[in-house]
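Per this note's numbering, the sequence shown starts with residue 17, numbered consecutively.
For glycine and all other residues, C-beta sits at the position ideal for the given N, C-alpha and C.
Read through the structure below, which is laid out as structure tokens, and then see the notes.
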Amino acid sequence: MSMKIEKIPYARGELSVPGDKSISHRSVMFGALGKGTSEITGFLKGADCLSTISCFQKLGIEITEEKGTIYVHGKGMHGLSQPSGVLYTGNSGTTTRLLCGLLAGQGFPAELDGDASIRKRPMGRVTNPLRSMGAEFSGDFCPLTIHPGKLHAICYDLPVASAQVKTALLLAGLYADGRCVLTEPEKSRDHSERMLQAMGADLTVDGKTVTVSGEKELFAQKFEVPGDISSAAFYLVLGAILPNSEITIRNVGMNPTRSGVVEVLKAMGADISVEQERLSSGEPVADLTVRSSVLHGTKIGGALIPRLIDELPVLAVAAAAAEGITEICDAQELKVKETNRIRAVVDEFVKCGIDITETEDGMIIRGGKTPSGAEFKTYGDHRMAMSLAVLAQIADGESTLDDGACVEISYPQFFEDLYRLGR
Ligand code: S3P
17 MSMKIEKIPY
27 ARGELSVPGD
37 KSISHRSVMF
47 GALGKGTSEI
57 TGFLKGADCL
67 STISCFQKLG
77 IEITEEKGTI
87 YVHGKGMHGL
97 SQPSGVLYTG
107 NSGTTTRLLC
117 GLLAGQGFPA
127 ELDGDASIRK
137 RPMGRVTNPL
147 RSMGAEFSGD
157 FCPLTIHPGK
167 LHAICYDLPV
177 ASAQVKTALL
187 LAGLYADGRC
197 VLTEPEKSRD
207 HSERMLQAMG
217 ADLTVDGKTV
227 TVSGEKELFA
237 QKFEVPGDIS
247 SAAFYLVLGA
257 ILPNSEITIR
267 NVGMNPTRSG
277 VVEVLKAMGA
287 DISVEQERLS
297 SGEPVADLTV
307 RSSVLHGTKI
317 GGALIPRLID
327 ELPVLAVAAA
337 AAEGITEICD
347 AQELKVKETN
357 RIRAVVDEFV
367 KCGIDITETE
377 DGMIIRGGKT
387 PSGAEFKTYG
397 DHRMAMSLAV
407 LAQIADGEST
417 LDDGACVEIS
427 YPQFFEDLYR
437 LGR
């Protein structure tokens, strides 16, 4: 249903964003494989992570909640049981791809399916290397059936920097004979490596290469999930581009494989301070404060891309507000996210008069002109919805969103938090 985007006069105040989506998924999945009960605080109760919980319940794992803490009653490496029906992964690429890897090493077949977006997302990037380890798959798109096999270790150079592919192969590697050696073209988020090491996996990291051995036991952990920097990014951009603003976001995950957005915004001239840096469950966290700033264009590409891949739509909003030219390149992965995010950003920005050109692997934005309000489309993509809501704040006139509800995927209370900053 179409909704009006309220315009706030400024954004001032403090907030905590919901838990990190990547770490929330992994805490349930890895917790299920551990011996004992894993305790998770700060878990993101967004639709994607709830899909992961429901899949693991169907795989026989008891998951309970008490006073906001999630308890995953792990059954060890060989404790999952055959689900009676299809495992439905909703809109979640992380759930789907990580399950492909994990289920490849089990003693039973299983079927995965998701929503219309998931059915279009390429799974060949996980099914192909998993086939070479010994598993079989009915196809390379959902719905697909996984037929596990006796897995053997592989040495594999990932064609794309992808934490989903890397983690799927690490999970299969936990069931393989020998040592799997996985090398990425650029380093992607390393939450899996940190969490599996803490749980007792025989896993080492050397630059862009991760090595894991099979047949080791994992043990339950306490996971404190930090605030999601990908959600904080909407406020970092909002606070920088909206006059008279100052926002403090507490307890944000600042893992160096994820914090590219802060570096780029600072390079564009954003006034961001990073305070109270500390470690929480092996992940760096900090409090971030952003103040209204004058931004200028920049170039975003290369090894930075995996470190801010999910923040590119909202960085494009920052670029539209910035003086001068911003060029985003090496970002062809955006085409296979929840929607084609290059096409979606370009089409929506054009609607409100922003000077933007689509390229093969990104976009070029000539910023600094006030956009006009528009009837925006989200393409059912949560990050498009939130990026456009930020863009609408600096537009002349009214804007609407065709589907604001999709923010429930990663940030159910996004609009409440946004409007509160303007009161
Ligand atoms: C994720 C990895 C990234 C990211 C996604 C979450 C993860 O995807 O875009 O939102 O949790 O591993 P890719 O692995 O496809 O780059």
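Spatial distance of residue i from residue j (CA atoms)
| i | j | result |
| --- | --- | --- |
| serine 38 | valine 241 | 9 angstroms |
| arginine 399 | alanine 338 | 20 angstroms |
| alanine 151 | glutamine 180 | 18 angstroms |
| glutamate 335 | glycine 47 | The amino acid occupying residue 335 in the given sequence is alanine; glutamate does not appear at that position. Looking at the two C-alpha atoms, the distance is approximately 40 angstroms. |
| aspartate 193 | glycine 223 | 24 angstroms |
| cysteine 196 | glutamine 237 | 24 angstroms |
| lysine 282 | threonine 110 | 29 angstroms |
| alanine 421 | glycine 62 | 12 angstroms |
| leucine 128 | threonine 386 | 45 angstroms |
| lysine 20 | histidine 41 | 32 angstroms |
| glycine 165 | histidine 94 | 14 angstroms |
| glutamine 292 | leucine 304 | 9 angstroms |
| glycine 515 | leucine 186 | Nothing can be reported for residue 515, as the shown portion of the chain is limited to 17 through 439. |
| glycine 140 | lysine 23 | 43 angstroms |
| lysine 83 | arginine 323 | 33 angstroms |
| glycine 378 | isoleucine 370 | 16 angstroms |
| glutamate 30 | glycine 383 | 29 angstroms |
| glycine 276 | leucine 328 | 10 angstroms |
| isoleucine 381 | isoleucine 288 | 23 angstroms |
| isoleucine 263 | leucine 219 | 39 angstroms |
| glycine 189 | serine 229 | 6 angstroms |
| glycine 106 | glutamate 231 | 31 angstroms |
| serine 97 | proline 201 | 35 angstroms |
| glutamine 122 | methionine 149 | 13 angstroms |
| glutamate 354 | aspartate 397 | 6 angstroms |
| serine 403 | histidine 168 | 43 angstroms |
| valine 423 | alanine 401 | 7 angstroms |
| tyrosine 191 | leucine 212 | 14 angstroms |
| valine 221 | threonine 199 | 10 angstroms |
| leucine 437 | phenylalanine 250 | 12 angstroms |
| aspartate 156 | tyrosine 172 | 19 angstroms |
| glycine 340 | isoleucine 372 | 12 angstroms |
| methionine 460 | phenylalanine 431 | No information on residue 460 is available, as it lies outside the stretch 17 to 439 that the chain covers here. |
| phenylalanine 72 | serine 43 | 12 angstroms |
| glycine 130 | alanine 302 | 35 angstroms |
| aspartate 346 | valine 278 | 19 angstroms |
| glycine 298 | isoleucine 77 | 25 angstroms |
Candidates the options: closest to residue i by CA position
| i | options | result |
| --- | --- | --- |
| tyrosine 26 | Gln409, Asp418, Thr416 and Ile425 | Gln409 |
| lysine 203 | Ser403, Leu320 and His168 | Leu320 |
| leucine 174 | Val226, Gly76 and Glu209 | Val226 |
| glycine 216 | Ala401, Gly396 and Gly52 | Gly52 |
| valine 176 | Leu219, Pro138 and Asp218 | Pro138 |
| aspartate 419 | Gly413, Tyr395 and Ile263 | Tyr395 |
| serine 100 | Leu331, Pro125, Thr80 and Glu81 | Pro125 |
| isoleucine 325 | Gly340, Cys171, Ser178 and Val423 | Ser178 |
| alanine 214 | Leu60, Val423, Met17 and Ser54 | Ser54 |
| valine 290 | Glu233, Gly76, Ala248 and Thr57 | Ala248 |
| glutamate 414 | Ile341, Lys367 and Val280 | Lys367 |
| arginine 274 | Ser261, Gly285, Pro300 and Tyr251 | Pro300 |
| alanine 332 | Met284, Val352 and Phe431 | Met284 |
| isoleucine 162 | Ile134, Leu119 and Asn260 | Leu119 |
| methionine 45 | Asp346, Tyr435, Ile79 and Leu434 | Ile79 |
| phenylalanine 153 | Leu252, Glu374, Phe235 and Leu115 | Leu115 |
| leucine 252 | Ala347, Ile170, Leu407 and Leu295 | Leu407 |
| isoleucine 134 | Asn356, Arg439, Glu364 and Asp433 | Asn356 |
Whole-angstrom C-beta distance between residue j and residue i, which should lie under 8 angstroms
| i | j | result |
| --- | --- | --- |
| glutamate 376 | threonine 416 | The Cβ separation is near 31 angstroms, so there is no contact. |
| leucine 49 | glycine 92 | 7 angstroms |
| serine 388 | alanine 405 | That belief does not hold up - the Cβ atoms of serine 388 and alanine 405 are roughly 16 angstroms apart, past 8 angstroms. |
| lysine 136 | leucine 103 | Lysine 136 to leucine 103, Cβ: 18 angstroms. No contact. |
| aspartate 244 | proline 428 | Not quite, the Cβ-Cβ distance comes to about 12 angstroms (not below 8 angstroms), so this is no contact. |
| threonine 342 | glycine 313 | 4 angstroms |
| aspartate 64 | isoleucine 425 | 5 angstroms |
| isoleucine 56 | phenylalanine 235 | At roughly 15 angstroms, the Cβ-Cβ gap does not stay under 8 angstroms, so isoleucine 56 and phenylalanine 235 are not in contact. |
| arginine 28 | serine 261 | 6 angstroms |
Interface flag, residue i vs chain B, CB-CB below 8 angstroms
| i | result |
| --- | --- |
| aspartate 412 | The displayed structure is made up of one protein chain only, and chain B is not part of it. |
Does the structure place the stretch 140-149 close enough to the stretch 357-371 that three or more beta carbon pairs sit under 8 angstroms?
No, because fewer than three Cβ pairs between the stretch 357-371 and the stretch 140-149 fall closer than 8 angstroms, the two stretches do not touch.
Given 8 angstroms, three or more beta-carbon pairs between the stretch 78-91 and the stretch 268-275:
Between the stretch 78-91 and the stretch 268-275, the count of Cβ pairs shorter than 8 angstroms is below three; the stretches do not touch.
Could I get the ranges of all uninterrupted beta strand (DSSP E) runs contained in the stretch 339-419, with 3 residues as the minimum, in chain order?
Assignment of beta strand (DSSP E) within the stretch 339-419, counting only whole runs of 3 or more residues, yields 340-344, 371-375, 378-383 and 415-417 in chain order.
Specify whether the stretch 200-220 and the stretch 182-190 touch according to this definition: at least 3 beta carbon pairs, one from each stretch, less than 8 angstroms apart.
These segments touch.
Suppose only complete runs of 3+ residues qualify. What are the beta strand (DSSP E) ranges in the stretch 54-126, listed by chain order?
Note on the stretch 54-126: whole beta strand (DSSP E) runs with a minimum of 3 residues are 78-82 and 85-91, in chain order.
For the stretch 101-110 against the stretch 66-85, do three or more pairs of beta-carbon atoms, one drawn from each stretch, fall closer than 8 angstroms, so that the two count as touching?
Contact holds: three or more Cβ-Cβ distances are below 8 angstroms.
What are the start and end residues of each continuous alpha helix (DSSP H) run of 4 or more residues lying completely inside the stretch 240-291, in chain order?
The stretch 240-291 contains these whole alpha helix (DSSP H) runs: 245-257 and 276-283.
In the stretch 139-188, which residue ranges form an unbroken alpha helix (DSSP H) of at least 4 residues, counting only runs that do not cross its ends?
Listed in chain order, the alpha helix (DSSP H) runs fully inside the stretch 139-188 are 140-149, counting runs of at least 4 residues.
So, do the stretch 253-261 and the stretch 301-314 have three or more beta carbon pairs nearer to each other than 8 angstroms?
Segment contact: the stretch 253-261 against the stretch 301-314, three or more CB-CB distances shorter than 8 angstroms; contact assigned.
Restricting to runs no shorter than 3 residues, where is the beta strand (DSSP E) found entirely within the stretch 291-333?
Within the stretch 291-333, the complete beta strand (DSSP E) runs of at least 3 residues are 299-307.
Segments assigned alpha helix (DSSP H), at least 4 residues, entirely inside the stretch 207-244:
Counting only runs of at least 4 residues, the stretch 207-244 fully encloses the following alpha helix (DSSP H) elements, listed from N- to C-terminal order: 207-214.
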